[in-house]
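**Student:** One structure, as structure tokens, below. Some questions next.
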Amino acid sequence: MAGRKLDKKDLFGKSDPFLEFYKQGDDGKWMLVHRTEVIKYTLDPVWKPFTVPLQSLCNGDIEKPIKIVCFDYDNDGGHDFIGEFQTTAIKMCEAHDGLSVEFDCINPKKQKKKRSYKNSGVIIIKSCKITRDYSFLDYILGGCQLMFTVGIDFTASNGNPRDASSLHYINPMGTNEYLSALWSVGQIIQDYDSDKLFPALGFGAQLPPDWKVSHEFAINFNPTSPFCSGVDGIIEAYSACLPHIRFYGPTNFSPIINHVARFAAQATQQQSAGQYFILLIITDGVISDMDETRHAIVQASKLPMSIIIIGVGNADFSAMEFLDGDNRMLRSHTGEEASRDIVQFVPFREFRNAPKETLAKAVLAELPQQVVDYFKSHNLPPIKSEGV
12 MAGRKLDKKD LFGKSDPFLE FYKQGDDGKW MLVHRTEVIK YTLDPVWKPF TVPLQSLCNG
72 DIEKPIKIVC FDYDNDGGHD FIGEFQTTAI KMCEAHDGLS VEFDCINPKK QKKKRSYKNS
132 GVIIIKSCKI TRDYSFLDYI LGGCQLMFTV GIDFTASNGN PRDASSLHYI NPMGTNEYLS
192 ALWSVGQIIQ DYDSDKLFPA LGFGAQLPPD WKVSHEFAIN FNPTSPFCSG VDGIIEAYSA
252 CLPHIRFYGP TNFSPIINHV ARFAAQATQQ QSAGQYFILL IITDGVISDM DETRHAIVQA
312 SKLPMSIIII GVGNADFSAM EFLDGDNRML RSHTGEEASR DIVQFVPFRE FRNAPKETLA
372 KAVLAELPQQ VVDYFKSHNL PPIKSEGV
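Numbering-wise, the sequence shown is residues 12 to 399 according to my numbering.
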């Protein structure tokens, strides 16, 4: 929105114009629903684009009157009235594809006094459109599949899996922290993927027969088809692979992040909201390739992808919390900023004695919004509108 030749209100300057938008209640009274920013020292302001819920603006009725009032800002709060006009959402939406809609900004007192009075300036709507705000459920019902991949840390710091003190030791109850974390998160995510076939990858172990260290190997030892059937299939493959590998190191995250990112990048070629990739990394310790991991996350933030990291054991996880950009956006070592926050880190120890659902809730708390934010930023609606 913009203004042209607005009335000069300041004695020694021009004006500091801003706009207020009002909707009309059932009782006929006008209610403020939006206020623009103030543009200083001008009679020809250009305001920043903004978004207002249609329900707030006109109760969802595109033919309901909307009043727009222009003021000159004063520090003492006694803003000077410049002018006003009424319109509707449907009229404002005539501004599109380079076509503007203009309204005379009228001061009724001046209009009464002078027969020659035309206006107190013009308000211009350069572009206005009504867009649907889709929810996470809209995308899921619309056919979006959550593509779930698991990355498991098999570095030596976990301890010998045959030793009861190891984080990979499977106790007489048939579980350990890795399995508990996997089950808590996986059993929820698997319901959002129709074929329930999940790649399960390991990192930081030496593999037979030549015992070379690998940072992205299929735990079912089938590199051409690393898929496991559901969470039960991942747990089965995990238990079967433990006796056949040697825990080693270092703790490199970037190969697995880049592995999933390649598939997420391929999915973007469809230019649809059909797939969103989720990488769950379960780890016990400090990342060795921090610079490479930061770079991989920054690049992945441009893709339909989120990363969940669950820290098991009692190590210092401050580096993981750094990757979770809740307080500030993550930057790569070269200074490039992530386009959005895609990492959620949760320490398992905080949920050891809590119900499994509590861990899942904490881990998945940010995921729905991350999915919506990605598709929204790329103007991708749900594929199917049934049920949306």
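No residue lacks a Cβ here, since even glycine has one placed at the ideal position from N, Cα and C. Keep in mind that this is a model prediction, so the values were computed, not measured.
Would the beta-carbon of Phe114 fall within 9 Å of that of Ile135?
**Tutor:** yes
**Student:** Please identify the residue among Pro261, Phe159, Lys137, Lys78 whose C-alpha is closest to the C-alpha of Leu291.
**Tutor:** Phe159
**Student:** Would you be able to state if there are at least three C-beta pairs under 8 Å between the stretch 376-396 and the stretch 345-356?
**Tutor:** yes
**Student:** Can you list, in chain order, the residues of its chain whose CB lies under 6 Å from that of Ala275, leaving out five sequence neighbours each side?
**Tutor:** If we look at Ala275 and ignore the five residues flanking it on each side, its Cβ neighbours are Phe288, Leu314, Pro315, Met316.
**Student:** Check Glu48 in the structure and name its three-state DSSP category.
**Tutor:** coil
**Student:** Considering just the uninterrupted stretch of the alpha helix (DSSP H) at Tyr385, what are its terminal residues?
**Tutor:** 378-388
**Student:** Nearest to Arg305 by alpha carbon, out of Phe82, Ala211, Ala330, Thr98?
**Tutor:** Ala330
**Student:** Does the CB of Gly14 have a neighbour CB from chain C at under 9 Å?
**Tutor:** Going by chain labels, chain C is absent from the structure shown, which holds only one protein chain.
**Student:** Anyone know if the C-beta pair for Gly296 and Val242 falls short of 9 Å?
**Tutor:** Cβ distance not < 9 Å, so Gly296 and Val242 don't count as in contact.
**Student:** Is the CB-CB distance between Lys102 and Phe32 below 9 Å?
**Tutor:** Their beta carbons are not under 9 Å apart, which means Lys102 does not touch Phe32 by this criterion.
**Student:** Under DSSP, the alpha helix (DSSP H) around Ala248 begins and ends at which residues?
**Tutor:** Under the DSSP assignment, Ala248 falls in the alpha helix (DSSP H) whose first and last residues are 241-252.
**Student:** Just reading off the alpha helix (DSSP H) that Ile199 is part of, what are its end residues?
**Tutor:** 188-200
**Student:** Measure from the alpha carbon of Met12 to the alpha carbon of each residue in Gln66, Ala106, Leu22, then state which is nearest.
**Tutor:** Ala106
**Student:** Roughly how many angstroms separate the alpha carbons of Asn86 and Gly24, rounded to a whole number?
**Tutor:** 14 Å
**Student:** Just list the alpha helix (DSSP H) runs in the stretch 51-135, keeping only unbroken ones of 4 residues or longer that don't cross its boundaries, in chain order.
**Tutor:** Counting whole runs of 4 or more residues, the stretch 51-135 contains the alpha helix (DSSP H) stretches 65-69, 100-103, 119-124.
**Student:** Thinking C-beta only, is Pro219 closer than 9 Å to Ile256?
**Tutor:** Yes.
**Student:** Classify Leu212 as helix, strand or coil using the three-state DSSP reduction.
**Tutor:** Correct three-state label for Leu212: strand.
**Student:** At the level of alpha carbons, what is the spacing between Gly324 and His389?
**Tutor:** 39 Å
**Student:** Does the separation of the CB atoms of Leu54 and Pro76 fall below 9 Å?
**Tutor:** no
**Student:** Which residues does DSSP pair with Tyr259 in a beta bridge?
**Tutor:** Thr166
**Student:** According to DSSP, which residues form a beta bridge with Met316?
**Tutor:** Phe288
**Student:** Thinking just about the alpha-carbon of each residue, which of Ala251, Phe165, Thr62, Asn233 is nearest to the one in Arg143?
**Tutor:** Thr62
**Student:** Using the Cβ count rule (16 or more neighbours within 10 Å means buried), how would you classify Val57?
**Tutor:** exposed
**Student:** Look at the Cβ atom of Cys104, then the Cβ atom of Gly14, and state whether they are nearer than 9 Å.
**Tutor:** no
**Student:** Measuring alpha carbon to alpha carbon, tell me which of Ala100, Val357, Val44 ends up nearest Glu188.
**Tutor:** Val357
**Student:** Per DSSP, what kind of secondary structure is Pro28 in: helix, strand or coil?
**Tutor:** DSSP, read as helix, strand or coil, puts Pro28 in strand.
**Student:** Classify Pro366: buried if its beta carbon has 16 or more other beta carbons within 10 angstroms, exposed otherwise.
**Tutor:** When all chains shown are included, Pro366 counts as exposed.
**Student:** In its own chain, which residues sit with a C-beta less than 6 Å from the C-beta of Val80, not counting the 5 before and 5 after it?
**Tutor:** Glu31, Glu95
**Student:** Can you grab the Cα-Cα spacing for the pair Gly260 / Ile394, in whole Å?
**Tutor:** 42 Å
**Student:** Look up Ser205 in the DSSP assignment and say whether it is helix, strand or coil.
**Tutor:** DSSP places Ser205 in coil when its eight states are reduced to three.
**Student:** Assuming Ile267 and Phe214 form a contact by the criterion Cβ under 8 Å, report the distance between their Cβ atoms to the nearest whole angstrom.
**Tutor:** 6 Å
**Student:** Buried or exposed for Ala376, please, with buried defined as at least 16 other CB atoms from any protein chain shown within 10 angstroms of its CB.
**Tutor:** exposed
**Student:** Note down, in chain order, each residue of its chain lying with its Cβ closer than 6 Å to the Cβ of Asn263, except the 5 sequence neighbours on either side.
**Tutor:** His226, Ser299, Asp300
**Student:** Taking the alpha-carbon of Glu247 as reference, which of Ser265, Ala211, Gln282 has the nearest alpha-carbon?
**Tutor:** Ala211
**Student:** Look at the alpha carbon of Asp83 and the alpha carbon of Phe92, and state the distance between them as a whole number of angstroms.
**Tutor:** 6 Å
**Student:** Where DSSP assigns a beta bridge to Trp41, which residues make up the other side?
**Tutor:** Paired residues: Gln35.
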